[in-house]
Amino acid sequence: MEILSAKDLSKYLKINEKKIYKLVQESKIPHIKIGGKIAFTKEIIDRWILENTEREKQIYIAGSDDILLSRIINFYNSRSQNTAFYAPVGSINGLRLLKDRAATMSCVHIFDTDKKEHNLSYLDRYLPKDSFVVRRLFSREQGIYLPKGNPKGIRGFEDVIVKGVKFINRNQGSGTRILIDFLIQEKGIDPLKINGYTMEVESHLQAGLKVLRGEAEAAFGIRYVAHMLDLAFVPQLMERFDMVIPTEHYHTNHVQTFLTFFEQPALLNHIQDFTGYDTTEMGSTTYHNHV
3 MEILSAKDLS KYLKINEKKI YKLVQESKIP HIKIGGKIAF TKEIIDRWIL ENTEREKQIY
63 IAGSDDILLS RIINFYNSRS QNTAFYAPVG SINGLRLLKD RAATMSCVHI FDTDKKEHNL
123 SYLDRYLPKD SFVVRRLFSR EQGIYLPKGN PKGIRGFEDV IVKGVKFINR NQGSGTRILI
183 DFLIQEKGID PLKINGYTME VESHLQAGLK VLRGEAEAAF GIRYVAHMLD LAFVPQLMER
243 FDMVIPTEHY HTNHVQTFLT FFEQPALLNH IQDFTGYDTT EMGSTTYHNH V
C-alpha cells in the first residue's frame with residue numbers, strides 16, 4: 003500500500019496543492035490521517051478518480067507524456083471550477099483506457115509505421131470506427147539529446163552505433179518508443195547493436211536528465227527538454243500531438259468547457275515561451291464523424 007502526502011498527491015494528479023486541501027475540506031476525496039496529518043492511499047485515489055470522473059463532472063485525461071500539456075492542464079485547473087486529471091501512461095495505454103471507458107479523453111502521438119502518418123490510421127486498431135473526435139493540440143519537434151556541444155558529432159542513429167555511444171531508450175507503449183523503433187528500422191539498423199537499447203525511462207525529462215548527468219551519451223525526446231537542460235539537440239522530425247475524445251463525451255458540458263479553454267488568449271500567452279512547439283492549429287478538429 004502506497005501512502006501519499008498532500009504534496010505527493012498534488013504532483014501525482016497535477017493539480018495545485020491548495021485544491022487538494024479544498025477537496026478534503028469538502029469531503030470530496032478519500033483520505034486518512036497519520037499522526038494528525040492528512041494522507042492518501044494511492045490505490046484508493048486511483049479507484050476514486052475512475053469512479054468519479056463522470057459523476058463529479060471532472061475530466062480524466064490519459065495518454066502520452068508531455069510537459070506543455072501538463073502546463074495547460076495546471077493552468078486550466080487554476081482557472082476552472084472543474085478539474086482535469088492527467089495520467090501520462092503512454093499513448094497506447096491511454097487508448098486502452100479510453101476503450102475500457104476508464105478515461106474521458108486520451109492524448110496521443112503515434113506514428114503509423116505502415117502508412118507513414120500520425121495518429122488517425124492507428125486509432126482504428128483500438129477504438130470502434132467513427133466513435134471518436136480528434137482535436138489537434140500542437141506539433142512538437144523530436145530529436146536526439148546529446149551532451150552540450152555534441153562532442154562526438156552525432157547526427158543520427160547511424161552515428162550512435164558507429165561511435166559506440168551509450169543510449170537510453172523510452173518505455174514500450176509510448177509514442178516516442180514507436181517512433182524510435184521506426185527511425186531505427188528505416189535506417190536498416192539492428193537495434194540490439196545500439197548500446198543501451200534495452201535500458202528504458204518513462205518520460206522525456208528522465209531521458210534528458212540521464213544525458214545531463216552523464217549516465218547516457220544519447221537519448222531521444224522533444225526539443226523543449228533539451229533547451230531546458232541546455233543539451234545539444236539533433237532534430238529528426240515534427241510530430242502531431244492530438245486529443246482523442248469519444249463521441250459519448252464530446253458534447254458534455256464539462257468537455258466542451260475544457261475544449262473552449264484552448265481558444266482563450268490568456269492560455270496562448272501562458273504557453274508562448276515553449277521552444278520546439280507549434281501551436282498554430284491548437285484546438286482545431288482534425289477528424290469527426292457522426293458527432
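With the numbering used here as the guide, the letters of the sequence shown map in order to residues 3 to 293. Cβ atoms here follow ideal geometry from the backbone N, Cα and C, with glycine treated the same way.
Bridge-paired residues (DSSP) for R137: Within the sequence shown, residue 137 is the residue found at index 135, counting from 1. Answer by DSSP bridge pairing, in chain order: M245, T287.
For the segment 58–76 against the segment 84–100, do three or more pairs of beta-carbon atoms, one drawn from each stretch, fall closer than 8 Å, so that the two count as touching? A contact between stretches requires three or more CB pairs, one per stretch, nearer than 8 Å, and the segment 58–76 meets this requirement with the segment 84–100.
Exposure of L239, with buried meaning 16 or more beta-carbon neighbours within 10 Å: Here residue 239 is taken as the residue at index 237 of the sequence shown, counted from 1. Exposed, because fewer than 16 other Cβ atoms sit within 10 Å of the Cβ of L239.
Between which two residues does the beta strand (DSSP E) containing Y128 stretch? Residue numbering aside, residue 128 sits at position 126 when the sequence shown is read from its first letter. Counting along the chain, no beta strand (DSSP E) covers Y128, and no H or E run does either.
DSSP bridge partner residues for I36 (one or two, in chain order): On the sequence shown, position 34 is the one that residue 36 refers to. Bridge partners of I36 according to DSSP: K39.
Are there 16 or more other CB atoms within 10 angstroms of the CB of K39, so buried, or fewer, so exposed? Within the sequence shown, the letter at position 37 stands for residue 39. The residue in question, K39, is exposed, as its Cβ has fewer than 16 Cβ neighbours within 10 Å.
On the three-state DSSP scale, how would you describe L148? Taking the sequence shown and counting its residues from 1, one reaches residue 148 at position 146. Collapsing the DSSP output to three states places L148 in a strand.
Alpha helix (DSSP H) runs contained entirely in the segment 152–187, provided each spans 4 or more residues: Those alpha helix (DSSP H) runs which fall completely within the segment 152–187 and span 4+ residues are 159–164.
Our contact map puts R137 next to I247 with C-beta atoms below 8 Å; I'd like the distance itself, whole angstroms only. As a first step, residue 137 is located in the sequence shown; it is residue number 135 there, counting from the start. As a first step, residue 247 is located in the sequence shown; it is residue number 245 there, counting from the start. At roughly 7 Å, the Cβ-Cβ gap stays under 8 Å, so R137 and I247 are in contact.
Out of curiosity, what's the CA-to-CA distance linking Q187 and A221? Here residue 187 refers to the residue found at position 185 of the sequence shown. Here residue 221 refers to the residue found at position 219 of the sequence shown. One alpha carbon belongs to Q187, the other to A221, and they sit about 17 Å apart.
Can you tell me which of the three DSSP states P237 falls into? For the purposes of this step, residue 237 is taken as the residue at position 235 of the sequence shown. Correct three-state label for P237: strand.
Quick one: measure Cβ to Cβ for V236 and L148, integer angstroms, because I've assumed they're closer than 8 Å. Stepping through the sequence shown from its first residue, residue 236 is reached at position 234. Stepping through the sequence shown from its first residue, residue 148 is reached at position 146. Beta-carbon to beta-carbon, V236 and L148 are separated by about 7 Å, close enough to satisfy the 8 Å threshold.
4 or more residues per run - each alpha helix (DSSP H) lying fully within the segment 192–230: Whole alpha helix (DSSP H) segments, 4+ residues: 206–214.
Could you have a look at V91 and say whether DSSP puts it in helix, strand or coil? Residue numbering aside, residue 91 sits at position 89 when the sequence shown is read from its first letter. Judged by DSSP in its simplified three-state form, V91 adopts coil rather than helix or strand.
Report back the beta-carbon spacing between M284 and F264 to the nearest angstrom; my notes put them in contact at under 8 Å. As a working mapping, residue 284 is identified with position 282 in the sequence shown. As a working mapping, residue 264 is identified with position 262 in the sequence shown. Between M284 and F264, the beta carbon gap of about 5 Å places them in contact (Cβ cut-off 8 Å).
Buried versus exposed call for N171 [16 or more other C-beta atoms within 10 Å across all chains shown]: As a first step, residue 171 is located in the sequence shown; it is residue number 169 there, counting from the start. Burial state of N171 is buried, judged by a 10 Å Cβ sphere holding 16 or more other Cβ atoms.
Would DSSP call D102 helix, strand or coil? Residue numbering aside, residue 102 sits at position 100 when the sequence shown is read from its first letter. It is coil, neither helix nor strand.
Determine the extent of the beta strand (DSSP E) in which S72 is found, giving its start and end residues. For the purposes of this step, residue 72 is identified with residue 70 of the sequence shown, where counting begins at 1. First-last for S72: 69–81, but that is the alpha helix (DSSP H), not the beta strand (DSSP E).
Under DSSP, the beta strand (DSSP E) around I63 begins and ends at which residues? Counted from its first residue, the sequence shown places residue 63 at position 61. Looking at the DSSP string, the run of the beta strand (DSSP E) that includes I63 is 61–65.
N18 versus A8: straight-line alpha-carbon distance, rounded: Reading the sequence shown from its first residue, position 16 is the one you call residue 18. Reading the sequence shown from its first residue, position 6 is the one you call residue 8. Put simply, the backbone Cα of N18 is about 10 Å away from that of A8.
Rounding to the nearest angstrom, what Cα-Cα distance links Y225 and H272 in this structure? For the purposes of this step, residue 225 is identified with residue 223 of the sequence shown, where counting begins at 1. For the purposes of this step, residue 272 is identified with residue 270 of the sequence shown, where counting begins at 1. For the record, residue 225 in the displayed sequence is Arg; it is not Tyr. Take the alpha-carbon of R225 and the one of H272: they are about 19 Å apart.
By DSSP, does I273 sit in helix, in strand, or in coil? Residue 273 sits at position 271 when you count from the first residue of the sequence shown. Coil, per DSSP.
What is the residue span of the alpha helix (DSSP H) that I22 lies within? Residue mapping note: residue 22 aligns to position 20 of the sequence shown, counting from 1. Taken as a continuous stretch (DSSP letters only), the alpha helix (DSSP H) holding I22 covers 19–27.
Can you tell which of T43, A41, P32, K101 has its C-alpha closest to the C-alpha of A64? Working through the sequence shown from its first residue, we reach residue 64 at position 62. Its Cα nearest to that of A64, the residue K101 stands out among T43, A41, P32, K101.
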